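All the letters of the sequence shown, read from the start, carry residue numbers -19 to -1, 1 to 168 under mature numbering (1 follows the signal peptide of the UniProt record, and there is no 0).
Built from N, CA and C at the ideal position, the CB exists for glycine as well.
This one's a predicted model, so the numbers in the text were calculated from it and none came from an experiment.
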Amino acid sequence: MHPISILFLGLAMSTDAFAAAVGKGAAMADPRWRDALRTGLVFGVVEAITPLVGWALGSFAERYIENWDHWIAFGLLCGLGLHMIWKAVRHADTAAGPPRTGLWAIALAGLATSIDAMAVGVGLAFIDVNILLVALVIGLCTFAMVSAGVMAGRALGALIGRRAEIAGGVILIVVGAVIVYEHIFAG
């Protein structure tokens, strides 16, 4: 695989994580760069591991992952999005605002947005590619995009206040719907 192709693959795999990070940043009370980098690191590590897992599964799991990856991602993203909306509505009467996002919630969101990378890993098992390099590039692109996305979400959150968490939930649901749409109508 050409290095430019690997870079584009890394950027493409990180776009849904970026959208989810904007939503997470908007939902966080007051994210700092430390929070953004932590979130980026978790998403980046998860996004780097999933193509390795997909590559290892190879042809055995290809038909299962390829047929269901979009539905799994959709279910996880919708569940997270609905939970964010529920928290925003539930906490609408409190002055403290929504709680900070926990590590497990971040990891689950990272997993939800990286299932497509696992399917890509399965496909890469059948071509001559350095999977460790590809996984590293995907992870680094995701780290950078998610860290920037959280801080972009912070600005959005400051502009629209408590409605930011609802917007973040809607963004996660839309990302899930787009994943399903692309898989159903691709090709």
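Taking just the CA atoms, how far does residue 136 sit from residue 116? Stepping through the sequence shown from its first residue, residue 116 is reached at position 135. Stepping through the sequence shown from its first residue, residue 136 is reached at position 155. Between the alpha carbons of residue 116 and residue 136 lies a gap of roughly 30 Å.
So, with DSSP's three-state summary, where would you put residue 48? Indexing the sequence shown from 1 puts residue 48 at position 67. Helix.
Could you give the DSSP three-state label for residue 106: helix, strand or coil? Taking the first residue of the sequence shown as 1, we reach residue 106 at position 125. If DSSP states are grouped into helix, strand and coil, residue 106 belongs with coil.
Chain D within 7 Å of residue 103, Cβ atoms only: Here there is only one protein chain, and chain D is not present.
Sub-7 Å separation of residue -19 and residue 101 beta-carbons: Taking the sequence shown and counting its residues from 1, one reaches residue -19 at position 1. Taking the sequence shown and counting its residues from 1, one reaches residue 101 at position 120. Using a Cβ distance threshold of 7 Å, residue -19 and residue 101 do not count as a contacting pair.
Given a cut-off of 7 Å on the beta-carbon distance, is the pair residue 124 and residue -10 in contact? As a first step, residue 124 is located in the sequence shown; it is residue number 143 there, counting from the start. As a first step, residue -10 is located in the sequence shown; it is residue number 10 there, counting from the start. At a Cβ-Cβ threshold of 7 Å, residue 124 and residue -10 do not count as neighbours.
Residue range of the alpha helix (DSSP H) that includes residue -17: What you label residue -17 is simply residue 3 of the sequence shown in a count that begins at 1. Its alpha helix (DSSP H) spans residues -17 to 8.
Would you decide whether residue 84 is buried or exposed? Buried here means 16 or more other CB atoms lie within 10 Å of its CB. Here residue 84 refers to the residue found at position 103 when the sequence shown is read from its first residue. Classification of residue 84: exposed, given that the 10 Å Cβ count is below 16.
If you drop the 5 nearest sequence neighbours on each side, which residues of the same chain put their C-beta closer than 6 Å to that of residue 106? Working through the sequence shown from its first residue, we reach residue 106 at position 125. Excluding residues within five positions, the ones whose Cβ falls inside 6 Å are 36 and 39.
Thinking C-beta only, is residue -6 closer than 7 Å to residue 126? Position 145 of the sequence shown, counting from 1, holds the residue named residue 126. Position 14 of the sequence shown, counting from 1, holds the residue named residue -6. Residue 126 is a Cβ neighbour of residue -6, given a cutoff of 7 Å.
Could you check if residue -17 is buried or exposed, using at least 16 other CB atoms within 10 Å of its CB as the buried criterion? Working through the sequence shown from its first residue, we reach residue -17 at position 3. Residue -17 should be labelled exposed.
Less than 8 Å between C-beta atoms, sequence neighbours within five positions excluded: which residues of the same chain meet that for residue 89? As a position in the sequence shown, residue 89 is number 108, starting the count at 1. Once the five neighbours on either side are set aside, the close Cβ partners of residue 89 are 57 and 61.
Cutoff 6 Å; reference residue 51; Cβ partners in own chain excluding five residues on either side: Taking the sequence shown and counting its residues from 1, one reaches residue 51 at position 70. 160, 161 and 164.
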